[in-house]
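Numbering (our numbering), first residue to last: 149 to 301. Glycine residues also receive a C-beta, built at the ideal position from the N, C-alpha and C atoms.
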């Protein structure tokens, strides 16, 4: 097990479902997280990739479209029949199922809060799995709390 300290916000953001063009890398020597996004130009991407190729970095895999859909579908399945129908119809009415899903949630604060909690739990599970798969022990109180939360339930 490799113990390391990370800047938590940067590290956690690597596990959020987002643009598939984004790439995140963890420096195994410093705990620093490097990333490129879909908004970066070719020069920035090349500079980051050159840096990570010359160091001791581990790429953090991005959740796939299928992973994202599984997360959305698991959430929909946890809701009552009326809400399930509304969310599924919203997904089908838009060419982007995620945008349709978010629009179907709309301004329903309670539903959005439940989705946010579900989504956060998915981020936390992916982060813990990554650390366990690569035998990383993150020296951070938030990480320790996540382990207690997810590995004791």
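Taking all protein chains in view, the Cβ of residue 252 is crowded by 16 or more other Cβ atoms within 10 Å, so the residue is classified as buried. For residue 213, the enclosing alpha helix (DSSP H) starts and ends at 213-225.
CA-to-CA, the gap between residue 182 and residue 160 works out to about 12 Å. The beta carbons of residue 168 and residue 210 sit about 6 Å from each other, so the pair counts as a contact at 8 Å. Going by C-alpha positions, residue 198 is about 11 Å away from residue 205.
Annotation for residue 195: no beta strand (DSSP E) segment contains it, though the alpha helix (DSSP H) segment containing it runs 190-202.
When 166, 265 and 290 are compared, the shortest CA-CA separation from residue 215 is found for 166.
Cα atoms of residue 173 and residue 179: separation of roughly 10 Å, rounded to the nearest angstrom.
For residue 176, the three-state secondary structure derived from DSSP is coil. In this structure, residue 258 lies away from residue 149, with their beta-carbon atoms at least 8 Å apart. Segment contact: the segment 215-232 against the segment 291-298, fewer than three CB-CB distances shorter than 8 Å; contact not assigned. Rounded to the nearest whole angstrom, the C-alpha separation of residue 260 and residue 202 is 42 Å.
When the beta-carbon positions are compared, residue 267 and residue 298 stay at least 8 Å from each other. If you draw a straight line from the Cα of residue 151 to the Cα of residue 188, it is about 31 Å long.
Sorting 194, 247, 228 and 155 by C-alpha distance to the C-alpha of residue 175 places 155 at the top.
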